[in-house]
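Encoded as structure tokens, the structure appears first; notes follow it.
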Amino acid sequence: MMPTTLISGARRGAWLALVATGLLAGCGDFNITDPNNPTLDDLVKNPTKAKLAVAATGLFIGARSDATDVIWRYGSLGREGANLAGNNQPDYQEPFFGPLSTTQFGAAVWSGRYQNLRSLNTYLNAVPRAPDLSAEERAASIGFARTLKALAFLPLVAGRGALGAPVDVDRPLKATPAPFVSEDSVYGYIIGELDAARDSLAAGGSAFPFRMPPGFAGFDTPAGLILVNRALAAKAWVFRATATPSCAGTCYANALLALSQSFISGNPADFRVGAYFDYSNKPGDILNELSETLDGTTYFAFNNTIDDAQLQPGGAVDQRALDKLAFIDSNDTTVTYTLSGFPVAPNRKFAVYFTGGQPDQNASIPIIRDEELVLLRAEANIGLSNYAAAIPDLDLVRVNAGGLPATTLTAGSPASAFIDELLYNRRYSLLWEQGARWVDARRYGRLSGIPALVPNGAVPSRMPIPADECAARKLGTSCNPLGT
Amino acid sequence: MRHRWFVPVLILILTLASLPASVHAQQRVLTGAVNRSEDGAPLSDAVVTLAGRSAGAKTDGRGRFTLVLPDGPARIVVRAIGYKRQNVPIGADQAEVTITMIQDVFNLEEVVITGQATEMEQRNSTTSTAVVDGQDISQVQAQSLDRALQGRIAGANIQTNSGAPGAGVQVQIRGPHTIIGNAEPLIVVDGVIYSNATIPSGLSSVTGSSSNLARADAQDDGTNRLADLNPNDIESIEVLKSAAAGSIYGSKAANGVVIIHTKRGTAGQVHANLSQRVGFSSLLRGPGFRVFDTTQAFALFDSNLVRSYLVNGQLPAYDHLQALAGDKPLSYESQLDVSGGGEKTRFFASGSWKRDNGIIGNTGAQRQTLRANITQQLTRTLTMDLTTAFARNANDKGFTNNDNSGASVTYALAYIPSFLPLKRANGIYPQPEIGYFGANPLQTAALATNNETAIRFTGGGRLSWNTWTGERQSLRFVAAGGADFVNQKNKIIAPPELTFEQTLPNPGTITLGAADGRNLNWNLNAIHSYTPESQGFRLTTSLGVQYEDRQLSRNRITATGILPGQTSVSQGAVVSNPIEERSSERTLAFYAAEEALALSERLSLVGSVRGERSSVLGDPSKYWFYPRLAGAYRFPGLLGTGSEFKLRLAYGQTGNQPLFGQKFTSLVGGQTYGGGGGVTVSTIAGLAGIKPERVKEWEGGVDAEFFGGRTSFQLTLARNITSDLLLSRTPSASSGFTAEFLNGGHMRNVSLELAAGFVPIQSRDFRWVARTTFTHLRNTVLDLPVPGYRPSTAGFGLAFGEFFIEPGRSATQIIGTVGYDSLGNPITKVLGDANPDFQLTLANDFNWKNLSVSMLWAWQQGGVAQNQTLSLYDCNQLSPDQGTAAGQARANACLQDGVATPFVQSTTFLKLRELSLVWSLPSRWVHRLFAGADNARIGLTGRNLLVFTDYFGYDPESSNFGSQSITRNIDLGPYPPSRNFSLNVSVGF
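Encoded structure:
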């Protein structure tokens, strides 16, 4: 016979197990899902049309996230203006005196773009699994998201130039970081996405299965978005041409082809037609912080925009300079703005995002618009030495936007004169919209033409790779993975 | 017929309940009385057992007991809480005995818990235990229990976050065990897991302390909800410091466990106790102010402006801090408790009301509590305990701490020169022309509201069934459960009249917040004990299951552009920042423990394992195991007759659960675009497979008691290592994430703790008891799977000093800029460690006849804090010593050199934390003064009376970011500390 203690111990265990099992029935569910936020996991595993529609709106939010950074940061580097906000010394120190740090000023226009790429790739992975999307809706959704992917890369590579960028980023967090590819390959990737997107959009039926925002009015169907898609493709081809001179012939020809399939109009009244980022004071939305009141203390314009402007027949400066800058009351001497001791005077502000002459923080910011397309067509023609074809487009902008007389250039003028004229018009037409002056100066090797404006100043040539990107690759806090 | 209980469960229960106790043929009856040595009064609830047996009798209200003894000579053991055990031989013919119990000054006879429902006498205990008597913590008024524990527990670093009424308190036991995980010990009150959550008030909505919600919330100086417990209701507190002792609580115990028992009634006469306290507080210390002459003022400020402040050609010097916090407000507390009971029912009921006003106008804390504890003997074998407690806890903390908008009064004060008048004149508070966002701190204190009201209900029940008690075996079942509900409401009002609000586009801000928490837990235990015929050892086996369900939700909304005079959040122009957050967590655990007491109770061994699963972990169905093995050996009489000497060694593991939500990767909502809502992928990647942090600890020590119980000594050396630390890593930016959670790395704490007690004088009329605790701790980060990093609440830039976590160094080190190289890059250096070199406390109690005097001194040596209050004063050149070379050097450090060295200051201090003088009135006076009363006491007490330190400003103990594992010791405009005095009268009926 077994000792009683052993037997009773075993029975007691069984007894307890029984009671415990009964009590366990009273326990709640252990698979607790996130009660506070939707989760990425759920979107990927159980996508529906409704969830994806919200995610699609989020893709616009992501695309817009650093749009103003591109403008004022690249604009500071191109001496369009400066951000003098009190505490943020790196913002007005680095672009004017260099070098660009990899953690402060120079770290911008990177993470936000890749964050949206994470959202875009998540969306693209989820779309095919949504049971309530039709085949056309899926195609439309995919075409839309791939267009936005291209848009995410465009300003990023425009700022980094030959440093290149990682593109194959749809990989698990545990995987090694995506490799850097050359500037040409980034443009190649952008164009590849845009072309694939166009094909999807073409199969995308007549409407998107989500709400298109007001800034895409006129382009809010799959067919309409193709027009924007081609405009972006034209820009990518033109920029690729300057990055890779050997591509010039093909690139510019492809740019012209893309432009012909875009929304380019050639009518000055349509110069502002295009796709825009929206801002509003509605709950949950953000304001266009670039639209500052005249007594605002953040963004200031430099005088050189006036000084460098050509004159209209009446003697006034280029109408674009007049329209896009606003005077601060010069009698107000209480505040003097200085850039590390260098006074910014007379004080000017930007009126680019004013409505009816007044600051308007609901003002939209252009993604791409007709006036830029006309100049891209001119640039492609100049690149192909079709000067005669370029002159009407240059004049279209000069005369109608700038109020200037027609150009004196002829088909026999030297290429450099055409480039001068092109860049002048891009500077004034796109002022405080995308940092065109600085980006173009690098594209055409004319950075030395941008004055430092401050004693011992410098004009950095490109944005660096952020420290977090280098560190995760064990390359220290400053790196150039391609050695360019 | 004991074997009958092998048949099915229900029959078993019924059968066993009806089983008669086994009665032996040969027996006799002993009757006796138990008295207290101090006054000869009968002692109720003393337990009398036959030596070697666990079952016995309890004395009644008259101190009487009856015990059945076997024939022949016997030995009985008498035990009572607060008294030393007595081992009394009983002659073969003896039928009556009287036993006198001697007070146990050092609580050496206290029982300490070893499991959910098992306990052991402290002399056999295998781990270092700290037991604090309720009387010790209620003697001198404290705002909350954790404050009252300051300086009483070796190995625990208890620190207040600020001097505000209702300010948070943090308890850290044996060093930090986590970097970003939960840093709070587990609190268990009468078996119910008690929420000690700190729910942020939303003060950041007016101070703008940070744009990051988590960092902003941390700077609200929140109240941790232990404050809802009335210290006067507490019988005893036991702190489980070691991982071995805490392992029974598994993944909640990494930061230690605080087990609180509230008072129970004792059988016998019903006693009532009425006590009343009245007192006041006053400013303890502050930064002082700079007195300007005109030359100095002209050098710093616009001369025309300075001239406008001249009074009779001189610049006045106003003490703004005195104007702000110079009040000596009254505080009151009333408590009534009644306890007593008969053979079957015993009860303790209490009610209290208190109000502590703060030294800044319109601040204060009040609390009302009600408690009823009932113990009912249902049958001879079945006992039921019920505890219920209600509390309402309200406080007004004012606006303090870090600030970016002018709201914080102590922050703004550092910007205003002493020659500017701030006091209200002609009904108007002047807006300072030199200052911070135009804020007038006196106006803010007068008009702003930061109110918090919490309603708390805690209830628990425990059913104990002595299923069967035999000669050699016994079996007991204990089922316990409880619920803890808390509801907190916060209201922040910054009316539009405030001068700093006037600088905003929409002046006037109101934030309304509410939160409610619910903790449910239950456990079921079976305890079997076995003693063989030889009586050579005793084995106790316990098996149990425990379940916990915790829920917390909070919501908040802010409105700006408030209409003048309005206090409703609906009276704003713009409503913003809606927040709703919920967390939910469930844990289920099974455990098994074996305890052995052998070799005449000299050797004790404890082994246990707990297996648990939790919903917050990556795999909610996976079980995680937390084992323990501990042993101790006593050498009675080694240091003289009656002395005790014990060696102990313990190994155990505990865990720390990740925070709720760390396993999820969210999509961030609350954003709109073009009029529609959208989500973006969060920039923080959750860890789907997240694991608990694990603490493994070895602890060894020596306990001794000698000189006839007049000296006690407990020395403990502990070494714990946390593995699988919860960490956050920065992945490549092109991954689309800026942070990712992961488990990894190791961090070590080595701690040396000493608790000693000595009775230098003990005579009939005079007794002097001295107690001391000593704690030394060293923390080292052993390795990290991520590069060294700056925690999110590390500080305010290297030029002011910041925490930095890196392998090979203490996790609490503070580094800072000490200079710049030729390229202008900062050179950083370690400027100190927030963790002090040691903490030493000394408590002395003197009793002379009816008079007793006690004092508690605390000495902290070393340690540093980021004194950003100092940097504020220095950067503004407003420190009182600015005119001297030292003062100028600090101003230069901020304004020219950008170095942190002067702002990382030593926190060495000596504080007289408590002083009390209590006089027990002679009974003839009692009868004359209070009709019907039995006893009365009058006491004069004080807290925080003296501080000796070189630290600048307010208090070397302050934490701008509230309770933090690592980044404590950041001082940035805290609520000023105060001294408290009170007069207590207590009358017993």
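As you go down the protein sequences, you meet chains A and B in turn. Just so it is clear: in the first sequence, position 369 is 369 by the working numbering, and no numbers are missing. Basically the working numbering = 1-based index in the second sequence + 1000. We treat Cβ as the ideally placed atom computed from N, Cα and C, and that holds for glycine. Just so it is clear, the structure is predicted and the values come from calculations on it, not from any experiment.
Worksheet item: Where in the stretch 1499 to 1580 of chain B do unbroken runs of the alpha helix (DSSP H), each at least 4 residues long, occur, reported from the N-terminal end onward?
Response: Counting only runs that start and end inside the stretch 1499 to 1580 of chain B, there is no alpha helix (DSSP H) element of at least 4 residues.
Next on the checklist: One question on the structure: do E1238 of chain B and H1261 of chain B come within less than 9 Å of each other, judged by their Cβ atoms?
Outcome noted: What you label residue 1238 of chain B is simply residue 238 of the second sequence in a count that begins at 1. What you label residue 1261 of chain B is simply residue 261 of the second sequence in a count that begins at 1. Yes, these two residues count as a Cβ contact at 9 Å.
Within its chain, find whatever has a CB closer than 7 Å to the CB of S1210 of chain B; leave out the 5 residues flanking it on each side and keep chain order.
-> Position 210 of the second sequence holds residue 1210 of chain B. Excluding positions up to five away in sequence, the list reads S1204, A1216 and Q1219.
* Rounded to the nearest angstrom, how far is the Cβ of G1655 of chain B from that of S1251 of chain B, given a contact under 8 Å? -> Locating residue 1655 of chain B in the second sequence gives position 655, where the first residue counts as 1. Locating residue 1251 of chain B in the second sequence gives position 251, where the first residue counts as 1. At roughly 3 Å, the Cβ-Cβ gap stays under 8 Å, so G1655 of chain B and S1251 of chain B are in contact.
Does the structure place the stretch 1330 to 1343 of chain B close enough to the stretch 1442 to 1458 of chain B that three or more beta carbon pairs sit under 8 Å? The stretch 1442 to 1458 of chain B, when compared against the stretch 1330 to 1343 of chain B, does not touch it at the 8 Å Cβ threshold.
Next on the checklist: Only counting the same chain, and skipping five residues up and downstream in sequence, which positions put a Cβ closer than 6 Å to that of V1987 of chain B?
Outcome noted: One-based indexing of the second sequence puts residue 1987 of chain B at position 987. Here the set comprises L1274, F1930, A1933 and A1936.
Quiz item: According to the neighbour-count rule (16 or more other Cβ atoms, all chains shown, within 10 Å of its Cβ), is G274 of chain A buried or exposed?
Solution: By 1-based counting over the first sequence, the position of residue 274 of chain A is 274. Around the beta carbon of G274 of chain A, 16 or more other beta carbons sit within 10 angstroms, so the residue counts as buried.
**OP:** Could you name the residues of chain B that W110 of chain A contacts, counting a contact when the two beta carbons are closer than 9 Å?
**Re:** By one-based count along the first sequence, residue 110 of chain A stands at place 110. Against chain B, the beta carbon of W110 of chain A has neighbours under 9 Å at A1733 and S1734, listed in chain order.
Margin query: With distance defined between alpha-carbon atoms, name the residue in B:G1151, B:S1958, B:T1967 and B:R1979 nearest to R1996 of chain B.
Written below: In this structure chain B extends from 1001 to 1989, so residue 1996 of chain B is not present and cannot be described.
Option nearest L257 of chain A by Cα separation, candidates A:K235, A:A269 and A:T242: In the first sequence, residue 257 of chain A corresponds to position 257, counting from 1. Per the Cα distances, A:K235.
Who are the neighbours of G1481 of chain B on chain A, taking C-beta pairs under 9 Å?
Looking up residue 1481 of chain B in the second sequence gives position 481. Residues of chain A with a Cβ closer than 9 Å to the Cβ of G1481 of chain B do not exist, since the nearest Cβ in that chain sits about 10 Å away.
Next item on the list: With 7 Å as the limit, tell me which residues of the stretch 1652 to 1686 of chain B have their beta carbon closer than that to any beta carbon of chain A; keep them in chain order.
Entry: Result list: G1661, F1664, T1665, S1666, L1667, V1668, G1669, G1670, Q1671, T1672, Y1673, G1674, G1675, G1676, G1677, G1678, V1679, T1680, V1681, T1683 and A1685.
Check: Which residues in chain A sit within 7 Å of R1991 of chain B, going by Cβ to Cβ distance?
Finding: Absent from the structure is residue 1991 of chain B, since the part of chain B shown begins at 1001 and ends at 1989.
Range covered by the alpha helix (DSSP H) that runs through N1362 of chain B:
As a position in the second sequence, residue 1362 of chain B is number 362, starting the count at 1. First-last for N1362 of chain B: undefined, no H or E at that position.
Checklist line | Test: E1471 of chain B CB closer than 9 Å to a CB of chain A | finding: The sequence position of residue 1471 of chain B within the second sequence is 471, counting from 1. Taking Cβ atoms only, chain A never reaches closer than 9 Å to E1471 of chain B, which makes this a no.
Note to self: Which same chain residues end up closer than 6 Å to Y252 of chain A when comparing Cβ atoms and leaving out the 5 residues on each side of it in sequence?
What the structure shows: Here residue 252 of chain A is taken as the residue at index 252 of the first sequence, counted from 1. Taking C-beta separations shorter than 6 Å and ignoring five residues to either side along the sequence, the partners of Y252 of chain A in its chain run A241, A380, G383 and L384, following chain order.
In the DSSP assignment, what residue or residues form a beta bridge with W1465 of chain B? On the second sequence, position 465 is the one that residue 1465 of chain B refers to. DSSP lists B:L1382 and B:F1477 as partners of W1465 of chain B.
- Three-state class that DSSP yields for P1008 of chain B in the structure shown: Indexing the second sequence from 1 puts residue 1008 of chain B at position 8. Reliability of the predicted coordinates at P1008 of chain B is poor, the pLDDT of 40 falling under 50, and the value obtained from them is presented with this limitation in mind. Residue state, collapsed to three classes: coil.
message = Quick check on F1737 of chain B - is its C-beta less than 9 Å from some C-beta in chain A?
response = Counted from its first residue, the second sequence places residue 1737 of chain B at position 737. Taking a beta-carbon distance threshold of 9 Å, F1737 of chain B counts as an interface residue toward chain A.
Exercise for the section: Run through the stretch 1293 to 1366 of chain B for me and flag every whole alpha helix (DSSP H) of 4 or more residues, listed as ranges in chain order. Expected result: Listed in chain order, they are 1294 to 1300, 1303 to 1307 and 1320 to 1325.
Q. What does Y114 of chain A touch in chain B if you count any residue whose Cβ is under 9 Å from its own?
A. On the first sequence, residue 114 of chain A is found 114 positions in, with the first residue counted as 1. What Y114 of chain A touches in chain B: S1732, A1733, S1734, S1735, G1736 and F1737.
Q. Quick check: the stretch 1547 to 1556 of chain B against the stretch 1505 to 1523 of chain B, are there 3 or more CB pairs under 8 Å?
A. Yes, the stretch 1547 to 1556 of chain B is in contact with the stretch 1505 to 1523 of chain B.
Open item on the list: Among A:M212, A:L124, A:F219 and A:D184, whose alpha-carbon lies nearest the alpha-carbon of S246 of chain A?
Closed with: Translated into positions along the first sequence, residue 246 of chain A becomes position 246. Of the candidates A:M212, A:L124, A:F219 and A:D184, the one whose C-alpha sits nearest the C-alpha of S246 of chain A is A:D184.
> So is L1638 of chain B buried or exposed if we call it buried at 16+ other beta carbons inside 10 Å?
Replying inline: Position 638 of the second sequence holds residue 1638 of chain B. If you draw a 10 Å sphere on the C-beta of L1638 of chain B, you find fewer than 16 other C-beta atoms in it, and that means exposed.
Quiz item: Name the chain B residues whose beta carbon is nearer than 9 Å to that of E469 of chain A?
Solution: For the purposes of this step, residue 469 of chain A is taken as residue 469 along the first sequence, with counting starting at 1. Contact annotation for E469 of chain A against chain B: S1732, A1733 and S1734 [CB-CB distance below 9 Å, chain order].
Requested in this report: Over the uninterrupted alpha helix (DSSP H) stretch that includes W1768 of chain B, give me the two end residues.
Outcome: Taking the second sequence and counting its residues from 1, the one referred to as residue 1768 of chain B is at position 768. For W1768 of chain B, no alpha helix (DSSP H) encloses it; the enclosing beta strand (DSSP E) starts and ends at F1766 to D1783.
* Asked: How is N1980 of chain B classed by DSSP in three states: helix, strand or coil?
  -> Counting from 1 along the second sequence, the entry for residue 1980 of chain B is found at position 980. N1980 of chain B falls in the strand class under three-state DSSP.
Just by C-beta distance, which residues in the stretch 1609 to 1633 of chain B are closer than 7 Å to chain A?
-> Within the stretch 1609 to 1633 of chain B, the residues whose Cβ lies closer than 7 Å to some Cβ of chain A are R1613, S1615, P1620 and S1621, listed in chain order.
Review point. Should A1092 of chain B and L1043 of chain B be called a contact, given that it needs their Cβ atoms to be closer than 9 Å?
Key: Counted from its first residue, the second sequence places residue 1092 of chain B at position 92. Counted from its first residue, the second sequence places residue 1043 of chain B at position 43. No.
Quick one: does D1549 of chain B have its CB under 9 Å from some CB of chain A? Counting from one through the second sequence, the residue named residue 1549 of chain B turns up at place 549. Output row for D1549 of chain B: interface = yes.
Would you say R1928 of chain B and F1846 of chain B are within 9 Å of each other, going by their C-beta atoms? On the second sequence, position 928 is the one that residue 1928 of chain B refers to. On the second sequence, position 846 is the one that residue 1846 of chain B refers to. Cβ atoms of R1928 of chain B and F1846 of chain B: not closer than 9 Å.
| query | For D1549 of chain B, which residues from the same chain have a beta carbon less than 6 Å from its beta carbon, with the 5 sequence-adjacent residues on both sides left out? | reply | Sequence index remark: in the second sequence, residue 1549 of chain B carries index 549 (1-based). A distance below 6 Å between beta-carbons, with the five flanking residues on each side excluded, links D1549 of chain B to the following residues of its chain, in chain order: L1520 and R1586.
* Asked: Looking only at its own chain, which residues have a Cβ that is under 6 Å from the Cβ of D1385 of chain B, when we skip the five neighbours before and after it?
  -> As a first step, residue 1385 of chain B must be located in the second sequence, where it is residue number 385. If we look at D1385 of chain B and ignore the five residues flanking it on each side, its Cβ neighbours are T1375 and R1462.
query = Which partner residues of I1827 of chain B appear in the DSSP bridge assignment?
reply = To locate residue 1827 of chain B, count along the second sequence from 1; it is residue 827. Assignment of beta-bridge partners to I1827 of chain B by DSSP yields B:G1819.
**Request:** Taking C-beta pairs closer than 7 Å, name the residues in chain B that V54 of chain A reaches, listed in chain order.
**Result:** Within the first sequence, numbered from 1, the residue matching residue 54 of chain A stands at position 54. Those within 7 Å of V54 of chain A in chain B are G1677, G1678 and V1679.
Practice problem: List the residues that DSSP assigns as beta-bridge partners of K1911 of chain B. | Solution: For the purposes of this step, residue 1911 of chain B is taken as residue 911 along the second sequence, with counting starting at 1. Per DSSP, the beta-bridge partners of K1911 of chain B are B:A1858 and B:V1947.
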